[in-house]
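The structure appears below as structure tokens.
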Amino acid sequence: MDVLIQDLRRHVEAGDLHAAVRDLGAGADVNARTINGMTPLMWAAQEGHVKLVHYLVAKGADVNALFGDKQSSALIMAIEGLHEDVVHALLKHGADANFRPRSGGTPLLRLSRFRLAKWEERRRALIIVRHLLRYNVDVNARDNRQRTPLILAAQSDNPELVAMLLNHGAEVNLRDKYGENALMRAIEKGAMNIVHQLLDNGADVTLNDACGCSPLHIAAERGDSAIVSLLLQYKSPIDAPDADGYTPLMFAVRGKHPQNVSLLLEHGADRTVRDHDGNTALILADRLALQQIHDLLAAQEAVAK
Numbered sequence: 001m002d003v004l005i006q007d008l009r010r011h012v013e014a015g016d017l018h019a020a021v022r023d024l025g026a027g028a029d030v031n032a033r034t035i036n037g038m039t040p041l042m043w044a045a046q047e048g049h050v051k052l053v054h055y056l057v058a059k060g061a062d063v064n065a066l067f068g069d070k071q072s073s074a075l076i077m078a079i080e081g082l083h084e085d086v087v088h089a090l091l092k093h094g095a096d097a098n099f100r101p102r103s104g105g106t107p108l109l110r111l112s113r114f115r116l117a118k119w120e121e122r123r124r125a126l127i128i129v130r131h132l133l134r135y136n137v138d139v140n141a142r143d144n145r146q147r148t149p150l151i152l153a154a155q156s157d158n159p160e161l162v163a164m165l166l167n168h169g170a171e172v173n174l175r176d177k178y179g180e181n182a183l184m185r186a187i188e189k190g191a192m193n194i195v196h197q198l199l200d201n202g203a204d205v206t207l208n209d210a211c212g213c214s215p216l217h218i219a220a221e222r223g224d225s226a227i228v229s230l231l232l233q234y235k236s237p238i239d240a241p242d243a244d245g246y247t248p249l250m251f252a253v254r255g256k257h258p259q260n261v262s263l264l265l266e267h268g269a270d271r272t273v274r275d276h277d278g279n280t281a282l283i284l285a286d287r288l289a290l291q292q293i294h295d296l297l298a299a300q301e302a303v304a305k
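Each residue of the sequence shown is one higher than the one before, starting from 1 at the first, in the UniProt record's numbering.
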């Protein structure tokens with residue numbers, strides 16, 4: 001590799017603007033690839049050097065050059081580093097906000113996957129999302145598993161991002177390749193705040209995943225009685241069967257959650273429904289040796305008689 005390019009890469013990575021100016025003045029190619037295939041602009045974006053980003057673009061750097069078998073770009077690298085000022089600069093200079101690598105993950109989709117524990121990281125991520133939204137990013141884009149940014153944000157337990165996406169037109173009931181939507185993903189994570197947000201924005205409690213499970217099935221088996229109660233308030237079908245004939249009550253039994261069993265019975269769940277193998281909820285409880293749940297179901301049966 002040309003010595004000038006080696007020097008330029010090293011100086012850009014270090015954030016040394018003056019040295020980079022000197023290298024380019026000496027004839028270094030602004031779009032040359034280093035040994036790993038990255039351009040100087042990619043190095044600057046990855047390291048968060050916004051002044052160098054502006055300078056390199058002014059000198060002709062290709063803002064949409066691709067890296068790694070077309071899986072990344074300077075914009076993606078800046079997003080992965082949470083360099084919000086660099087993201088803004090690249091977008092202003094024409095970076096493609098809807099760039100779709102072979103993996104199917106647009107910049108917004110990638111960002112929506114992040115599980116950020118620290119508030120400062122979440123704050124910076126939200127700033128980046130705001131920048132992307134200003135540049136007509138597709139808020140309902142799908143990755144190669146048909147997941148949308150909203151589904152990923154719910155799965156990542158990011159209520160601030162969920163709110164921002166909903167406010168910018170994210171469709172709440174879109175489903176991934178497994179038939180799951182944002183509500184189901186939020187329930188799986190026990191993210192009550194997000195469950196509330198989605199229900200308040202029109203999430204359909206009657207939709208099923210590819211196995212026939214409704215949001216209530218998932219909540220009943222998971223054991224979160226507060227979410228079960230909330231779904232019942234939104235008129236979730238209480239006796240709807242999945243593909244094997246299991247009702248939410250059976251899921252609560254299988255999950256070994258007596259509180260959910262009681263809650264479902266109180267709301268009128270039919271304990272006599274049988275699955276495709278002929279099992280009732282009581283039979284399942286006996287097979288799993290769940291005495292407390294057996295007693296709850298048996299008591300309900302005695303009252304009915």
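No residue lacks a Cβ here, since even glycine has one placed at the ideal position from N, Cα and C.
Small disclaimer: the values here were computed from a predicted structure and weren't measured.
Anticipated Cβ contact below 8 Å, THR148 with LEU174, distance rounded: 5 Å
Ordered list of alpha helix (DSSP H) runs contained in the UniProt repeat "ANK" (70-102), each at least 4 residues: 74-80, 84-92
Segment contact, 8 Å Cβ cut-off, at least three pairs: the segment 68-87 with the segment 124-139: yes
Buried versus exposed, by CB contacts within 10 Å (16 or more), HIS11: buried
Buried or exposed (CB count within 10 angstroms, at least 16 for buried), ALA289: exposed
Sequence-distant residues of its chain with Cβ nearer than 6 Å to GLY245 (five each side left out): ASP275, HIS276
For LEU66, the residue or residues it bridges with in DSSP: SER73
As assigned by DSSP and simplified to three states, the class of ARG271: coil
Whole-number beta carbon distance between PRO215 and LEU183, since they are thought to touch under 8 Å: 5 Å
Span of the alpha helix (DSSP H), counted from its first residue to its last, around LEU108: 107-113
Identified DSSP bridge partners for ASN158: According to DSSP, which records beta bridges pairwise, ASN158 is partnered with nothing at all.
Sequence-distant residues of the same chain with beta carbon closer than 7 Å to GLU171, five excluded per side: ASN140
Between the CA atoms of GLU221 and TYR135 - distance to the nearest angstrom: 41 Å
Whole-angstrom distance between LEU91 and ALA74, CA atom to CA atom: 10 Å
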